[in-house]
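Below is one structure; the comments refer to it alone.
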Amino acid sequence: GYLWLLGRVDDVMNVSGHRISTTEVESALVSHPSVAEAAVVGANDAMTGQAIIAYVTLRGGLDVDEKVLREHVAKEIGPIAKPKMIFFTPDLPKTRSGKIMRRLLRDVAEGRNIGDTTTLADASVVSELQRRATESPTED
């Protein structure tokens, strides 16, 4: 027979017993006309096991409310996939080759020590994300 590798285990979140792909939620967010780029991670949550945390970069000059994006994701995937928190950020932490460093995003979401950021193209992005995370974002 054949074996197809469809994704990685760390790209799947377990939210209240539902297995949700981070890629699926990211695609739903990016399908909104105001969103330029999105990254989604799972963070430990006492009630649901894992909470969906989204980091969103908006298209230039456009604005959108967190509630609108949550409802957009719910319409595209289902209510269980709505992000618990959405952080708006001017940029995402990327390596010099352009890959998003999701490990850093998980660390920020869970309030952990960030660790090594030497491979980042712009390390100031992480400091900005940490600052925004402490400003108590809107939760659903």
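Plus 15 on top of the position in the sequence shown (first one is 1) and you've got the working numbering. Where is the CB? At the ideal position from N, CA and C, for every residue including glycine. Quantities reported herein were computed from a predicted structural model and do not represent experimental measurements.
Among the residues of its own chain, which have a CB less than 6 Å from the CB of Ala66, if the five just before and after it don't count?
-> Ala58, Asp60, Lys99
Proximity to Val83 [Cα-Cα], best of Ser46, Arg118, Gly130, Gly75 = Ser46
Output the residue ranges of the beta strand (DSSP E) runs that lie fully inside the stretch 27–53 and measure 3 residues or longer, sorted by chain position.
-> 27–30, 33–36
Leaving out five residues before and five after Asp106 in sequence, what residues of the same chain have Cβ atoms less than 6 Å from its Cβ?
-> Val140
Around the C-beta of Asp131, are 16 or more other C-beta atoms found within 10 angstroms, so that it is buried, or is it exposed?
-> exposed
Between Asp122 and the rest of its own chain, which residues show a CB-CB distance below 8 Å, the 5 nearest in sequence each way excluded?
-> Asn128, Ile129, Gly130
If you scan the stretch 63–134 from start to end, which runs of the beta strand (DSSP E) of 3 or more residues do you find wholly inside it?
-> 64–73, 100–103
If you follow the alpha helix (DSSP H) that Leu144 is part of, which residue opens it and which one closes it?
-> 139–148
Look at Ser49 and Leu73 and say whether their C-beta atoms are less than 8 Å apart.
-> yes
Proximity test, Ser46 beta-carbon vs the ligand NAD heavy atom, cut-off 7 Å = The model on display carries no ligand, and the ligand NAD is accordingly not part of it.
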